[in-house]
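Participant:
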Ligand SMILES: *Cc1c(COP(=O)(O)O)cnc(C)c1O
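Residue numbers (the working numbering): 196 to 587.
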């Protein structure tokens, strides 16, 4: 392998949060205000989320993972229960299911979208099934109509992992508007609060429960959040957690959300450049867009490496990209292939052919709003160079 590195060019990371002066000013205002933890700005972010996503209730949390934990707790999921989710997901969901004592049941994905479907989930439903957690992948949207019909028919809650889907839409409606969806505001996601999550639901009772569980289970008046923590007479209604989002973080989110459309448009423009330039690289296949109407948030630009044609492994390909000054990501290494699950739950690995096929071939290319067109072109040039050199 040729180790030529272009020292004249800066390292292009796989992702970098976009921070404008408005975000910096917003955080500084909170720091000067005398109230830095959960308060008026977090309430404002929740309100902004409801307006952007069109959801009835939004509860800000310290992470999407926290949202999943509170959900499993609120649903009383535990030993003897099964939760259906893909293995092609972030480990957080599966870790939490496992920690409750319930059993994760892995559903396969479509090979070219990395998304699961009602058709794939249905045969896995049995009397122990308690919850369905499909994942909107890379900024595309799940085919929600059949999933909703399936969940309804079996009387099961459907909770969308919408970590990749801030700004995504399905058949003309924003993801999160209907049903229950959990968004992430981790720094690599489409908007960020440093760390953070948003629990959106049209179920008012569930929202109240999540709001209470977020802060020690205290029955604090939802309209008096400003004084949350200042009301020593508030009583524990049920044992809860400590998953609230501080105003310092929420301030970032309010400002980021106002730039969501612009930032996602920039992501879409970069993705279009990638798609055009990669069309002539036969060893590399981007994900396909689903055929139903949807709005893409372009959270990730994922390619699959034809490891036979390229005569190199995906891991070597990623290393070679790094040597060319280009960062890349892996979304995701399938959960069932990770040490704990491989060793403790080998049966989970059954019947996941499309997950298996993708887990050794996928790679996420740099994609973030502050990239310029030349950066995207540079990535494709590097890919061509790597593939050519490898065959010499
Ligand atoms: C990022 C991510 C999560 C977890 O989000 P956090 O805010 O980091 O807890 C969950 N699911 C998917 C698919 C993700 O990409």
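Here a beta-carbon is modelled for each residue, glycine too, at the ideal position from N, C-alpha and C.
Just so we're clear, the structure is a prediction, and the values are computed from it rather than from any experiment.
Measuring only the C-alpha atoms, how far is residue 511 from residue 554?
Facilitator: 14 Å
Participant: Starting from the C-beta of residue 284, find all residues in its chain whose C-beta is less than 7 Å away, skip the five residues before and the five after it, and write them out in chain order.
Facilitator: 330, 356, 527 and 530
Participant: Three or more C-beta pairs under 8 Å: does that hold for the segment 246-266 against the segment 378-396?
Facilitator: yes
Participant: By Cβ distance below 6 Å, which residues in the same chain neighbour residue 296 in space, the five residues on each side in sequence not counted?
Facilitator: If we look at residue 296 and ignore the five residues flanking it on each side, its Cβ neighbours are 273 and 274.
Participant: Using a Cβ-Cβ distance cut-off of 8 Å, determine whether residue 282 contacts chain B.
Facilitator: In the displayed structure, chain B is absent; only one protein chain is listed.
Participant: Please name the residue or residues paired with residue 498 in a DSSP beta bridge.
Facilitator: Residue 498 is bridged to 481 and 558.
Participant: Any chance the CB of residue 376 is under 7 Å from a heavy atom of ligand 1?
Facilitator: no
Participant: Would the C-beta of residue 367 count as close to ligand 1, meaning under 7 Å from any of its heavy atoms?
Facilitator: Flag unset: Cβ of residue 367 not near ligand 1.
Participant: Consult DSSP for residue 250 and reduce its assignment to one of helix, strand or coil.
Facilitator: coil
Participant: Please classify residue 462 as buried or exposed, where buried requires at least 16 other C-beta atoms within 10 Å of its C-beta.
Facilitator: buried
Participant: Given 7 Å as the limit, tell me if residue 493 has its C-beta closer than that to any heavy atom belonging to ligand 1.
Facilitator: Residue 493 Cβ: outside cutoff for every heavy atom of ligand 1.
Participant: Between the segment 294-310 and the segment 547-563, can you find at least three pairs of beta-carbon atoms closer than 8 Å?
Facilitator: yes
Participant: Quick one: is the Cβ of residue 437 within less than 7 Å of any heavy atom of ligand 1?
Facilitator: no
Participant: For residue 340, count neighbouring C-beta atoms within 10 Å of its own C-beta (all shown protein chains included) and say buried if the count is 16 or more, exposed if not.
Facilitator: exposed
Participant: How close, in whole Å, do the beta carbons of residue 276 and residue 325 come, if the pair is a contact with beta carbons under 8 Å?
Facilitator: 4 Å
Participant: Have a look at residue 335 and residue 368 and give me their C-alpha separation to the nearest angstrom.
Facilitator: 13 Å
Participant: Is there contact between the segment 464-476 and the segment 432-444, where contact requires at least three CB pairs shorter than 8 Å?
Facilitator: no
Participant: Confirm, please, whether the CB-CB distance from residue 524 to residue 209 is below 8 Å.
Facilitator: Closer than 8 Å, so yes.
Participant: Since residue 301 is in the beta strand (DSSP E), which residue starts that stretch and which ends it?
Facilitator: 298-302
Participant: Only counting the same chain, and skipping five residues up and downstream in sequence, which positions put a Cβ closer than 7 Å to that of residue 465?
Facilitator: 562, 566 and 571
Participant: For residue 365, I'd like the list of residues in its chain whose CB is within less than 7 Å of its CB, leaving aside the five on either flank, ordered along the chain.
Facilitator: 336, 339 and 489
Participant: Return the bridge partner residues of residue 379 from the DSSP annotation.
Facilitator: 392
Participant: Which residue's Cα is closest to the Cα of residue 217: 505, 503 and 446?
Facilitator: 446
Participant: Where do the ends of the alpha helix (DSSP H) carrying residue 324 lie?
Facilitator: Where residue 324 is concerned, there is no enclosing alpha helix (DSSP H), although the beta strand (DSSP E) it sits in stretches over 324-327.
Participant: Am I right that residue 410 and residue 435 are in contact with their C-beta atoms under 8 Å? What's the rounded C-beta distance?
Facilitator: 6 Å
Participant: Should residue 200 go down as buried or exposed, given a rule of 16 or more other Cβ atoms within 10 Å for buried?
Facilitator: Because the pLDDT of residue 200 is 47, which lies under 50, any placement of that residue in the model is unreliable, and the question is left without a value.
Participant: If distances are taken between C-alpha atoms only, which option among 286, 455, 578 and 391 comes closest to residue 536?
Facilitator: 286 is the residue among 286, 455, 578 and 391 whose C-alpha sits nearest the C-alpha of residue 536.
Participant: Compute the Euclidean distance between the alpha carbons of residue 313 and residue 518, then round it to the nearest angstrom.
Facilitator: 42 Å
Participant: Nearest by alpha-carbon distance to residue 482: which of 451, 333, 354 and 352 is it?
Facilitator: 333
Participant: Expressed to the nearest angstrom, what Euclidean distance is found between the alpha-carbon atoms of residue 558 and residue 302?
Facilitator: 21 Å
Participant: When the Cα of residue 319 is compared with those of 349, 294, 404 and 412, which residue comes out closest?
Facilitator: Nearest of 349, 294, 404 and 412 to residue 319, Cα basis: 349.
Participant: Any idea what DSSP makes of residue 279, helix, strand or coil?
Facilitator: Residue 279 falls in the strand class under three-state DSSP.
Participant: For the beta strand (DSSP E) that contains residue 354, what are its first and last residues?
Facilitator: 354-356
Participant: Which residue from 479, 451 and 294 puts its Cα closest to that of residue 220?
Facilitator: 451
Participant: Cβ-heavy atom distance between residue 384 and ligand 1 below 7 Å?
Facilitator: yes
Participant: Would you mind giving the Cβ-Cβ distance between residue 236 and residue 476, rounded to the nearest angstrom? I have them listed as a contact below 8 Å.
Facilitator: Going by Cβ atoms, the distance from residue 236 to residue 476 rounds to 46 Å, so no, they are not a contact pair.
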